[in-house]
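One structure is given below, encoded as structure tokens.
Numbering (the numbering used here), first residue to last: 345 to 613.
So this is what it looks like as structure tokens:
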């Protein structure tokens, strides 16, 4: 079982690098995740065979689908919300890269039709989640790009980002859901790292690592002090069981209450 995908800590090469596929023989999430690195002046034209989403990680590019163009520019995944285009099978997409650009690509084996949708920073605000809980130990920024509240009912992907503050937790309290998910990590410094729970196992995650998450696995995260931790997350809806909200582990739900009592140091100089 390979749930923690490593070996890309130095980054991804020019071109298209596939990290996971949606038709793998083992540990299959049903989601393909890949990274597309383009040079300035490079142009890509392709027709999507399945439901696909392109998320600009860094750089400058224009995405054109069905005659609609979205210029996009992003210098920091930590400080800026994303640009993303979400399209159905059979759509032609043209990507004009105006600078060195890195683009995350997501696919799943869905050929149902839906209208192309573009998302920009104004559509993806930072949700200040965990603020005020247990001395802000789990305060982080969550950016849900699209889910069932703003995407077509024929779509089968849910996509977003999380920025975890240095030394703090995210995806907390521990939670799980039956729908498969993928996390992909970046850090504010190349030597940065964090810890990712996967059930009772704890993984040390580093720059450009990827983790697959399956049904029943709680998956809270924490960033090492001094290092901001970003992860993009993508979930696949299941037939008859679309993702809405996670199931929080009962024994830790108390921290979500109003003014919960918890230990603080007393009498210590």
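The beta-carbon is built from N, C-alpha and C at its ideal position, and this holds for glycine as well.
In the DSSP assignment, the residues bridged to residue 441 are 405. Under the rule that a run must span 4 or more residues, no alpha helix (DSSP H) segment is found entirely inside the region 515 to 570. Residue range 412 to 418 is occupied by the beta strand (DSSP E) that includes residue 417. Excluding sequence positions up to five before and after residue 382, its CB lies within less than 6 Å of the CB of 441 and 445, all in the same chain and listed in chain order.
Linking residue 430 to residue 396 through their CA atoms gives a straight-line distance of about 6 Å. Here residue 593 is not near residue 522, since their CB atoms are 8 Å or more apart. The beta-bridge partner set that DSSP reports for residue 396 consists of 431 and 451.
According to the DSSP secondary-structure assignment, residue 575 is paired through a beta bridge with 506 and 529.
Taking residue 393 as the centre and dropping the five residues before and after it, the same chain places the C-beta of 433 closer than 7 Å to its C-beta, in chain order. Counting along the chain, residue 376 sits inside the beta strand (DSSP E) bounded by residues 376 to 382. Within the same chain, 418 and 446 come within 6 Å of residue 402 by CB-CB distance, once the 5 residues on both sides are set aside.
Counting only residues of its own chain and dropping the five nearest sequence neighbours on each side, residue 366 has a CB closer than 8 Å to the CB of 372, 373, 374, 375, 376, 394, 451, 452 and 453.
With respect to residue 550, residue 537 sits close: the two C-beta atoms are nearer than 8 Å.
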